[in-house]
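Here the sequence shown is numbered in the working numbering, starting from 18 and rising by one per residue.
Glycine included, C-beta positions come from ideal geometry on N, C-alpha and C.
To start, the structure under review is shown below, and the notes come after it.
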Amino acid sequence: MSLRRFGRVMWCALLSPAGLAAQARDAPYDVRVRVVDARSGIGLPEVELRDSTGALLGRADSAGILRLRITGAAPFVGRLQRPGFLPAPLRVTRGAPGDSVVAPMAALAAQTLGTVQVVAEPAVARYSEFERRRATAGGGIFLTDSVIATRGQVRLSDLFRRYPALHVVDSAGTFIVTSARAKKTAAIPGQGTDLAPCVLQVIVDDLRMPWGFDIDQLDRNDIHAIEIYPGVATVPIEYRGAGRDASCGIIAIWTKSR
C-alpha cells in the first residue's frame, strides 16, 4: 500500500463514527466539584484535592468550589482532605450530570473534653476568613475596629492616607483609593491611550461594590475590620478576579454584626 493510500485510509478511519466517538471519549473535559459539609450542606473552603500519588491538584475556594480538568476516558479517582474532616474519595466519570459534582465530607467525631474556661470572646463565624488571613499575614494590611478607633479620622478615606502604597484621589467630590504602585492604560477618544489611576476594588461583607464606590458613605463606627491588599501580588486567591480593578488591589471591609 502506498503512503498516500495509507494516509487516506487513516483519515477515513478518524472521520468514521467509531473514530469520532473515540476522539470524543479522549477529549479533555472540565468538571465543577462543590465540596460540602455532609451534615449542613454548606460549602467547605480550603479542601485539598490530591491524586492517587498524593500530589496536590487543587484547593477549594471560599465557596467550596473545585475546578477539575480530566483527560482520557478512564474515570478520575482522587482524594479530598481537610483538617477536622474525614478524608473522602472522589470518583468522577465522563458524563457526570451537567459536568457538576457535589462531594460531601463528614466531620470528625468530637472528643469529650473536661470543663474548659473560655477567656477570649468567641469569634463571629462570618469573620473567620478575615481572622484566618490576618493570622497568616501575607502581604495584606489588617485594621481591626480597635485600631480604627485610635486613628481619630472623621472620614473613612482618611485611614488610607497613611500608607505609602496607596493614594486617595478626589474624583468629583468622591474620594477613591488608588494604587501608588500601578497605573492602568486607558483609551482616550481621538487621542490614543494614556495612563490612568489604578483604583482598588472595594468589597463590603463579601459583596463587590461598583467602580468608584464612595467609602466615606460608610460609618467607621459600624466597621469591624478592614483588609487592604495594595497590589495584585498580595491579593488572596479567593479575591482574584473579583472585578475589573482587582488587579490594582483590594479593600475588603467587614461591618459589625447587629
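Alpha carbon of residue i to alpha carbon of residue j, nearest angstrom
i: P227; j: L125; result: 41 Å
i: I3; j: R151; result: It is not possible to answer for residue 3, since the shown part of the chain is limited to 18 through 275.
i: L160; j: L103; result: 35 Å
i: S57; j: S196; result: 41 Å
i: S174; j: G155; result: 23 Å
i: S95; j: R51; result: Note that residue 95 is Gly in the sequence shown here, rather than Ser. About 14 Å.
i: A250; j: A269; result: 16 Å
i: R178; j: L61; result: 37 Å
i: I243; j: P121; result: 33 Å
i: A199; j: I232; result: 21 Å
i: Q218; j: R168; result: 23 Å
i: A91; j: I59; result: 30 Å
i: K273; j: D162; result: 9 Å
Where residue i falls, given that 16 or more other Cβ within 10 Å makes a residue buried
i: R237; result: buried
i: L224; result: exposed
i: G190; result: exposed
i: L212; result: exposed
i: R99; result: buried
i: G157; result: buried
i: Q234; result: exposed
i: V164; result: exposed
i: S264; result: buried
Delimiting residues of the alpha helix (DSSP H) encompassing residue i
i: I165; result: 162-168
Three-state class that DSSP yields for residue i in the structure shown
i: R51; result: strand
i: R56; result: coil
i: T251; result: helix
i: E65; result: strand
i: A152; result: helix
i: S117; result: strand
i: F147; result: helix
i: R237; result: helix
i: S196; result: strand
i: A142; result: helix
i: Y256; result: helix
Continuous beta strand (DSSP E) stretch holding residue i: start and end
i: F177; result: Counting along the chain, F177 falls outside any beta strand (DSSP E), and DSSP gives it neither H nor E.
i: T272; result: 267-272
i: Q313; result: Lying before the first or after the last residue shown, residue 313 is absent from the chain, which here runs from 18 to 275.
i: S188; result: 183-188
i: G75; result: 73-76
i: A105; result: 105-109
i: I220; result: 218-221
i: L83; result: 82-87
Proximity below 8 Å, CB of residue i to CB of residue j
i: A72; j: V64; result: no
i: L83; j: G89; result: no
i: G266; j: V252; result: yes
i: Y180; j: H241; result: no
i: V194; j: L183; result: yes
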